[in-house]
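Numbering of the sequence shown is given in the numbering used here, commencing with residue 321 and proceeding in unit increments.
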Amino acid sequence: MADIVAPVVLDSLINLITDEANLLSGAKDQVDLLQNDLRVMNAFLKDASGKQHKAGQRLRKMRRKVEENDVVGLVHDTQKLCLKVAKFDEIYKMDDEVLEMKLVNYLKGKRYFVVLDDIWDTDVWEEIREFFPDDLNGSRILITSRRKEVALHASPTMDPYFLPFLNDDESWELLCKKVFRGEECPFYLESLGKELAKHCKGLPLSIVSACDTPSARSLLAFCQGGDVVEKQWEWICNGFKFLRLLHCQCFPGDEVPDYICSLPYLEMLELPVLKVLTFSQKSISRMKQLSYVDVGIVGFRILVDDDQREIRGGNVDMDTLPNLQSVQSIVVDKHTASILPKFPNLTELRLFDDEPYIAKSEKEEALASLGKNQRYLQRLGLCYFRDYNLRVLPPTLTKLTLYESESPNMMKTLGKLPNLLWLQIENTHQPKSLDLCVGVGEFPQLQVFELIENRINSWEMDRDGMPNLQRLIIINRFFKREIDLPDQLWFLRALRFVKINVYMDVAKSFRNKLWELNYMKEEFVGELKTNWELTMINGCKVSLSAWGR
321 MADIVAPVVL DSLINLITDE ANLLSGAKDQ VDLLQNDLRV MNAFLKDASG KQHKAGQRLR
381 KMRRKVEEND VVGLVHDTQK LCLKVAKFDE IYKMDDEVLE MKLVNYLKGK RYFVVLDDIW
441 DTDVWEEIRE FFPDDLNGSR ILITSRRKEV ALHASPTMDP YFLPFLNDDE SWELLCKKVF
501 RGEECPFYLE SLGKELAKHC KGLPLSIVSA CDTPSARSLL AFCQGGDVVE KQWEWICNGF
561 KFLRLLHCQC FPGDEVPDYI CSLPYLEMLE LPVLKVLTFS QKSISRMKQL SYVDVGIVGF
621 RILVDDDQRE IRGGNVDMDT LPNLQSVQSI VVDKHTASIL PKFPNLTELR LFDDEPYIAK
681 SEKEEALASL GKNQRYLQRL GLCYFRDYNL RVLPPTLTKL TLYESESPNM MKTLGKLPNL
741 LWLQIENTHQ PKSLDLCVGV GEFPQLQVFE LIENRINSWE MDRDGMPNLQ RLIIINRFFK
801 REIDLPDQLW FLRALRFVKI NVYMDVAKSF RNKLWELNYM KEEFVGELKT NWELTMINGC
861 KVSLSAWGR
């Protein structure tokens, strides 16, 4: 500012003094001398102003060069730069040994500063350290790592520097900068975004990785006090194209939308909501990589197009999903028998009978399709299948869960499954009376047998029945009738653990009976006298617990 104002002031001062000198006699010589001095000063200031302008131009030019260097490298010639970039392909094609020698020769005798980012293991540092020559000339290597032992191993004499964690506000600020890039976060994404930032636990790298949506492989959607709105789902599925796992406990609507089914790499889908959800026939056909589905606490339906709704027993126009291995669970309808063959490699399946208006014959057809088409099915759950023919179940089953399900001569039928290892019969809502009869050679591979809330009227077992049984679980908290287990049970050589949880009086009676029959070797009584740990003559441990009075 002074270099602009000073010349103006000097010119005004010279003119003023000249005018005043004309009025004074004898002062003209002194004024002329002063006028010459002021003109010299004015010329000096003008010269300084010009030099400053030139210096400013040079500074701006240098700044442009520095910025260009930061962006494109240490060269100014674009053609030379292109040649150097082209050489990167040659570097990638080099053998490791050749590349190592080139690096050593290039750094030899030079003073260098190298940054090695995210060294994940001490072995990695040991493998590369010999390629950085130490010529005692002040060269430095900066290592960043998420593991403290890597830093201590690389430099045992120096304490590593730990970056501080971000607080919630700083985490949210960083996430906004990475995701929205200066724009304001939409209000409907703010709560979800803050929850995501909070779950990164103050780690900047986690936040940046979470913001790098194309690389995200799994996503858990949180909600507190409300559902995830439709726009949030669109944002999730449009932004996280490479998702392989999607889990959400707060799902809007009754139908799984197209933008979820359009995720090309989705392998696991979990939507454990308290309602029946539906897939459209075309939507689920697009999920080629899907291997695991757990949708709805009750189950899900597959809606068939209107022009195929009258098809029964025929082919549904739906693509095969060869990667699908686990489905939890399908609500059976008249199209289920035609849809299940589209999942030829299932190893786990749960079927839910919750459609009273569907004919029983159509549901039996769905069960029959399991034995015909499911060559790899090992774990099967049947919910609310009452009075169905279970002879059609595939022989490959290793685990079977029957929930509120039964059939005539059920034990005789199931005892013929050659590979069955685990059988669970549960009737929590409507306890059933069971007459168990295990014949010779039946249940040849069974290892675990669970009876939950069943009224055991009788249990007969031949000597060679259930020869490999190891664990028996009986839970019946509402039935006050004594349980009468077969004597043959206590002579099974494989049996190692029995857990019985029954009403108090039933537990005491059962314990006394075992004692009288000399089946017990020793016992431990709990402090409240409601739990007994028993050891049987065959070495089996029995945990007997009681409730009620």
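Using N, Cα and C, we set each Cβ at its ideal position, and we do this for glycine too.
Cβ pair residue i, residue j closer than 7 angstroms
{"i": "E802", "j": "V768", "result": "no"}
{"i": "N693", "j": "P661", "result": "yes"}
{"i": "A657", "j": "E675", "result": "no"}
{"i": "W742", "j": "L756", "result": "no"}
{"i": "D673", "j": "Y704", "result": "yes"}
{"i": "Q609", "j": "P592", "result": "no"}
{"i": "M781", "j": "V758", "result": "yes"}
{"i": "V651", "j": "V613", "result": "no"}
{"i": "F799", "j": "R831", "result": "no"}
{"i": "F562", "j": "Y585", "result": "yes"}
{"i": "R431", "j": "S475", "result": "no"}
{"i": "L740", "j": "L717", "result": "yes"}
{"i": "A866", "j": "T850", "result": "yes"}
{"i": "I527", "j": "L495", "result": "yes"}
{"i": "F817", "j": "K861", "result": "yes"}
{"i": "E615", "j": "L641", "result": "In the sequence as displayed, the identity of residue 615 is Val instead of Glu. Contact: no."}
Residue i, buried or exposed, once every other Cβ within 10 Å from all chains shown has been counted against 16
{"i": "G859", "result": "exposed"}
{"i": "W440", "result": "exposed"}
{"i": "A530", "result": "buried"}
{"i": "K521", "result": "exposed"}
{"i": "W835", "result": "exposed"}
{"i": "L456", "result": "exposed"}
{"i": "W852", "result": "buried"}
{"i": "K683", "result": "buried"}
{"i": "L702", "result": "buried"}
{"i": "Y839", "result": "buried"}
{"i": "V822", "result": "buried"}
{"i": "V435", "result": "exposed"}
{"i": "N796", "result": "buried"}
{"i": "G546", "result": "With a pLDDT of only 49 at G546, under the threshold of 50, the placement of this residue in the model should not be trusted, and no figure is reported."}
{"i": "A517", "result": "buried"}
{"i": "N425", "result": "exposed"}
{"i": "G429", "result": "exposed"}
{"i": "S725", "result": "buried"}
Straight-line gap, residue i to residue j (C-alpha atoms, nearest Å)
{"i": "K595", "j": "L789", "result": "37 angstroms"}
{"i": "L864", "j": "V444", "result": "55 angstroms"}
{"i": "L566", "j": "R621", "result": "19 angstroms"}
{"i": "L837", "j": "I857", "result": "11 angstroms"}
{"i": "L512", "j": "S491", "result": "13 angstroms"}
{"i": "G761", "j": "D807", "result": "17 angstroms"}
{"i": "D437", "j": "E450", "result": "17 angstroms"}
{"i": "V499", "j": "Y481", "result": "28 angstroms"}
{"i": "P664", "j": "L523", "result": "44 angstroms"}
{"i": "N777", "j": "E510", "result": "59 angstroms"}
{"i": "R564", "j": "L623", "result": "24 angstroms"}
{"i": "H655", "j": "S605", "result": "15 angstroms"}
{"i": "Y696", "j": "P577", "result": "30 angstroms"}
{"i": "E410", "j": "I463", "result": "27 angstroms"}
{"i": "I820", "j": "L713", "result": "29 angstroms"}
{"i": "E575", "j": "T733", "result": "38 angstroms"}
{"i": "K413", "j": "K514", "result": "44 angstroms"}
{"i": "L809", "j": "R711", "result": "26 angstroms"}
{"i": "D639", "j": "M588", "result": "18 angstroms"}
{"i": "E590", "j": "L815", "result": "37 angstroms"}
{"i": "T442", "j": "R466", "result": "12 angstroms"}
{"i": "E554", "j": "C505", "result": "15 angstroms"}
{"i": "L423", "j": "C581", "result": "49 angstroms"}
{"i": "L264", "j": "E469", "result": "Residue 264 falls outside the range modelled here, since the chain spans only 321 to 869, and no answer is possible."}
Whole-Å CB distance - residue i paired with residue j, under 8 angstroms assumed
{"i": "S689", "j": "D707", "result": "Going by Cβ atoms, the distance from S689 to D707 rounds to 19 angstroms, so no, they are not a contact pair."}
{"i": "L644", "j": "L671", "result": "Not confirmed; about 15 angstroms, so no contact."}
{"i": "R699", "j": "E668", "result": "4 angstroms"}
{"i": "P715", "j": "L737", "result": "6 angstroms"}
Residues sharing a beta bridge with residue i, DSSP
{"i": "R775", "result": "S753"}
{"i": "D614", "result": "E590 and Q648"}
{"i": "R791", "result": "V768 and F817"}
{"i": "R460", "result": "F433"}
{"i": "C581", "result": "Answer is none; C581 lacks a bridge partner."}
{"i": "F844", "result": "E853"}
Residue-chain proximity (residue i, chain D), Cβ-Cβ < 7 angstroms
{"i": "L697", "result": "Reference to chain D is not applicable here, since this structure consists of a single protein chain."}
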